[in-house]
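First up is the structure itself, then whatever we jot down about it.
Numbering (my numbering), first residue to last: 1 to 589.
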């Protein structure tokens with residue numbers, strides 16, 4: 001027991017001896033001195049330089065200044081590209097909408113605030129964890145357009161088995177697999193791919209299986225051949241007109257029994273069901289020679305009714321005589337029914353009166369009614385089109401066709417963004433030399449209007465305060481049918497001509513800035529719309545996105561200045577040019 005107590009007392013004494021340094025004043029003096037020196041060194045380390053061991057995206061920036069890091073990061077990604085393999089594309093960061101924020105990245109690297117410097121040995125932690133990733137922003141519209149282009153290039157429709165005519169006989173056209181990429185998947189892949197000067201983005205391409213097999217089509221062909229084997233006889237008021245099977249084959253067409261949905265890759269669908277069979281039909285255009293033979297025994301040609309129109313109002317009509325002939329619609333309907341439901345091909349032609357053809361002779365006066373009638377007719381002829389015109393002198397007419405119809409404005413919205421930029425420069429909130437998107441505000445405005453650059457437009461919108469703030473500027477111009485603060489923005493031609501009229505009349509900005517904006521519009525590089533249709537000087541802004549093709553501009557002619565805006569969907573630049581040509585011809589008359 002005594003030995004045990006002595007042993008415990010010995011151990012206690014040893015511990016006390018080891019901890020005796022805690023009561024040692026010199027120990028604390030030296031410790032305090034070391035800590036003081038460390039903190040002092042941390043405090044005097046330059047506040048505009050990166051610490052030892054600092055790196056950006058794996059590239060060392062140790063001891064470099066904020067300005068040097070900004071330049072280094074900017075130069076590294078100056079020629080950076082986004083690469084995809086399926087499809088094979090190489091696109092610049094600027095065109096994709098990837099913006100590396102070099103200044104913010106540099107500030108983050110050198111940021112070593114005083115409160116951290118007061119923590120002993122925080123510099124050691126900084127040195128060991130000095131890796132920083134560049135700050136990246138994605139321009140929504142540019143990224144969306146890039147992803148849509150990838151989606152389009154990636155798409156390969158699955159090819160169902162079908163029918164072709166070879167050497168006068170029906171033959172199977174083999175099926176083939178397809179592929180697709182989802183633009184949302186592509187965008188997600190882009191944003192999750194580590195930043196590098198050559199970003200390799202996966203498109204996650206999916207395989208699409210065909211829905212109709214070769215065997216199903218071969219069986220259908222066999223049935224059709226049995227029906228047409230003995231040819232066709234048509235009774236035309238007692239006269240028999242015939243066609244053999246080889247001729248009948250040339251009339252045949254095949255279409256889907258219902259719309260095929262190949263949007264998802266599937267491998268376990270049945271492909272030979274009735275829903276996937278081809279629908280047998282005839283092409284009326286290919287029947288014309290046979291119909292002409294059927295018509296001969298009874299045909300009397302109809303006359304022509306000519307309707308005269310002036311400014312959209314009928315002013316006269318000369319009626320043509322009725323004719324006589326086989327009712328071709330009824331004949332084709334019988335033929336379709338026989339092909340699909342009967343084993344023999346015998347028809348009886350129905351003879352009926354043939355209505356005269358109707359043609360219109362349209363003329364227009366250079367009046368409000370005449371101008372309105374002209375644009376009504378143009379919009380009707382061209383399909384999905386809206387037109388608005390405002391004369392700034394002369395008769396000062398203001399007319400429109402589908403003027404309040406809302407379309408996606410495409411890049412014509414950039415006129416409103418330009419107004420917002422100039423408004424802030426005039427209020428001394430911005431300077432033309434301010435930096436935005438890697439260039440000056442002035443240069444970015446030029447690119448936005450002359451080159452229709454999306455990245456600059458979106459950078460301006462962000463700097464203005466977002467699309468809700470841009471929309472306030474839109475309303476300030478008097479526009480009521482345009483809303484840019486929507487997931488799918490909308491605009492009207494009426495709002496476009498109102499903006500152009502106010503711009504020309506110095507109602508939106510100072511004259512020097514009006515002249516600056518008009519000068520850029522006269523230089524914009526897409527000239528296949530309104531400028532191609534008129535011989536006069538044009539200051540315009542186009543927009544094109546998907547099926548939408550738009551052009552809004554001021555036309556400077558010898559007979560005066562007028563604002564013209566044309567929005568269209570599913571049309572062409574030649575349609576817009578033709579509309580502008582016809583409008584200019586009337587206004588100049």
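We treat Cβ as the ideally placed atom computed from N, Cα and C, and that holds for glycine.
Next item on the list: Out of 391, 51, 325, point me to the one whose CA is closest to residue 558's CA.
Entry: The residue labelled residue 558 in the question sits at position 558 within the chain shown. Per the Cα distances, 391.
Margin query: Pop quiz: residue 556 and residue 536 are said to be a contact at Cβ under 8 Å. What is the actual Cβ separation, rounded to whole angstroms?
Written below: One-based indexing of the chain shown puts residue 556 at position 556. One-based indexing of the chain shown puts residue 536 at position 536. Sure, about 6 Å apart at Cβ, within 8 Å.
Notebook entry, point to check: Helix, strand or coil for residue 483 per DSSP?
Noted result: The residue given as residue 483 occupies position 483 in the chain shown. Note: residue 483 maps to strand in three-state DSSP.
Margin query: Taking 6 Å as the limit between beta carbons, can you name the residues of its chain near residue 173, skipping five residues before and five after?
Written below: Position 173 of the chain shown holds residue 173. Result list for residue 173: 162, 164, in chain order.
Check: Taking the C-alpha atoms as reference points, what is the distance between residue 29 and residue 128?
Finding: By one-based count along the chain shown, residue 29 stands at place 29. By one-based count along the chain shown, residue 128 stands at place 128. The alpha-carbon atoms of residue 29 and residue 128 are separated by roughly 28 Å.
Check: Can you give the Cα-Cα distance for residue 336 and residue 166, rounded to whole angstroms?
Finding: The residue labelled residue 336 in the question sits at position 336 within the chain shown. The residue labelled residue 166 in the question sits at position 166 within the chain shown. In a straight line, the C-alpha of residue 336 is about 22 Å away from that of residue 166.
Checklist line | alpha helix (DSSP H) runs wholly inside the stretch 49-91, at least 4 long, in chain order | finding: 66-76
Checklist line | At least three beta-carbon pairs within less than 8 Å, the stretch 207-224 to the stretch 173-186 | finding: yes
Item checked: Length of the line joining the Cα atoms of residue 378 and residue 82 -> Walking along the chain shown from the start, residue 378 turns up at place 378. Walking along the chain shown from the start, residue 82 turns up at place 82. Whole-angstrom Cα-Cα distance: 43 Å.
Checklist line | Inter-residue spacing [alpha-carbon to alpha-carbon] between residue 581 and residue 286 | finding: Counting from one through the chain shown, the residue named residue 581 turns up at place 581. Counting from one through the chain shown, the residue named residue 286 turns up at place 286. The straight-line gap from Cα to Cα measures roughly 37 Å.
Next item on the list: Compute the Euclidean distance between the alpha carbons of residue 463 and residue 153, then round it to the nearest angstrom.
Entry: Counting from 1 along the chain shown, the entry for residue 463 is found at position 463. Counting from 1 along the chain shown, the entry for residue 153 is found at position 153. Rounded to the nearest angstrom, the two C-alpha atoms are 33 Å apart.
Margin query: Just to confirm, is the Cβ distance from residue 388 to residue 494 under 9 Å?
Written below: Stepping through the chain shown from its first residue, residue 388 is reached at position 388. Stepping through the chain shown from its first residue, residue 494 is reached at position 494. Their beta carbons are under 9 Å apart, which means residue 388 touches residue 494 by this criterion.
Notebook entry, point to check: What residue ranges within the stretch 182-250 form continuous alpha helix (DSSP H) runs of no fewer than 4 residues, ordered along the chain?
Noted result: 183-192, 214-228
Notebook entry, point to check: Among 357, 232, 249, 96, which one has its Cα closest to the Cα of residue 149?
Noted result: By 1-based counting over the chain shown, the position of residue 149 is 149. Nearest of 357, 232, 249, 96 to residue 149, Cα basis: 96.
Notebook entry, point to check: Quick one: what's got a C-beta closer than 7 Å to residue 217's C-beta in the same chain, skipping five residues either side?
Noted result: The residue given as residue 217 occupies position 217 in the chain shown. Only 161, 162, 163, 172, 278 meet the Cβ criterion.
Margin query: Strictly by DSSP, which residues pair up with residue 555?
Written below: By 1-based counting over the chain shown, the position of residue 555 is 555. Paired residue(s): 538, 562.
Notebook entry, point to check: According to the neighbour-count rule (16 or more other Cβ atoms, all chains shown, within 10 Å of its Cβ), is residue 584 buried or exposed?
Noted result: Numbered from its first residue, the chain shown carries residue 584 at position 584. Buried is the call here.
Next item on the list: Leaving aside the five residues before and after residue 589 along the sequence, list all residues of the same chain whose C-beta is less than 8 Å from its C-beta, in chain order.
Entry: As a first step, residue 589 is located in the chain shown; it is residue number 589 there, counting from the start. These residues qualify, in order along the chain: 366.
Next item on the list: Assess, as a yes-or-no matter, whether the stretch 117-127 is touched by the stretch 101-109 under the definition of 3 or more beta carbon pairs within less than 8 Å.
Entry: no
Check: Excluding five sequence neighbours on each side, which residues of the same chain lie with their C-beta closer than 7 Å to the C-beta of residue 467?
Finding: By 1-based counting over the chain shown, the position of residue 467 is 467. Within the same chain, residue 467 has close Cβ partners 461, 484, 485.
Margin query: Report the CB separation of residue 552 from residue 500 in whole angstroms; it is logged as a contact under 8 Å.
Written below: Start at 1 with the first residue of the chain shown, and residue 552 comes out as number 552. Start at 1 with the first residue of the chain shown, and residue 500 comes out as number 500. The Cβ separation is near 6 Å, so the contact holds.
Notebook entry, point to check: What are the complete alpha helix (DSSP H) segments, minimum 4 residues, inside the stretch 112-157?
Noted result: 114-117, 122-128, 140-154
Checklist line | Coarse secondary structure for residue 575, derived from DSSP in three states | finding: Here residue 575 refers to the residue found at position 575 of the chain shown. Helix, per DSSP.
Checklist line | Test item: CB-CB of residue 579 and residue 382 under 9 Å | finding: Position 579 of the chain shown, counted from the start, is the residue given in the question as residue 579. Position 382 of the chain shown, counted from the start, is the residue given in the question as residue 382. Against a cut-off of 9 Å, the Cβ pair of residue 382 and residue 579 comes out as a contact.
Margin query: Would residue 102 and residue 70 be called neighbours here (beta carbons separated by less than 9 Å)?
Written below: The residue you call residue 102 lines up with position 102 of the chain shown. The residue you call residue 70 lines up with position 70 of the chain shown. Taking 9 Å as the Cβ cut-off, residue 102 and residue 70 qualify as a contacting pair.
Next item on the list: State yes or no: is the C-beta of residue 541 within less than 9 Å of the C-beta of residue 436?
Entry: Position 541 of the chain shown, counted from the first residue, corresponds to residue 541. Position 436 of the chain shown, counted from the first residue, corresponds to residue 436. Result no, Cβ atoms of residue 541 and residue 436 do not sit closer than 9 Å.
Margin query: Just to check my reading of the structure: residue 641 and residue 416 have Cβ atoms closer than 8 Å, yes? What is that Cβ distance to the nearest angstrom?
Written below: Here the chain has residues from 1 to 589 only, and residue 641 is not among them.
Notebook entry, point to check: residue 220: buried (16+ other C-beta within 10 angstroms of its C-beta) or exposed?
Noted result: Start at 1 with the first residue of the chain shown, and residue 220 comes out as number 220. Counting Cβ neighbours within 10 Å, residue 220 comes out buried, since at least 16 surround it.
Check: In terms of residues, what are the limits of the beta strand (DSSP E) holding residue 400?
Finding: Here residue 400 is taken as the residue at index 400 of the chain shown, counted from 1. First-last of the beta strand (DSSP E) with residue 400: 398-401.
Item checked: Stretch pair the stretch 231-238 + the stretch 340-355: three plus CB contacts closer than 8 Å -> yes
Next item on the list: Leaving out five residues on either side along the sequence, give the residues of the same chain with a beta carbon under 8 Å from the beta carbon of residue 421.
Entry: The sequence position of residue 421 within the chain shown is 421, counting from 1. Correct list, in chain order: 430, 441, 445, 460, 464.
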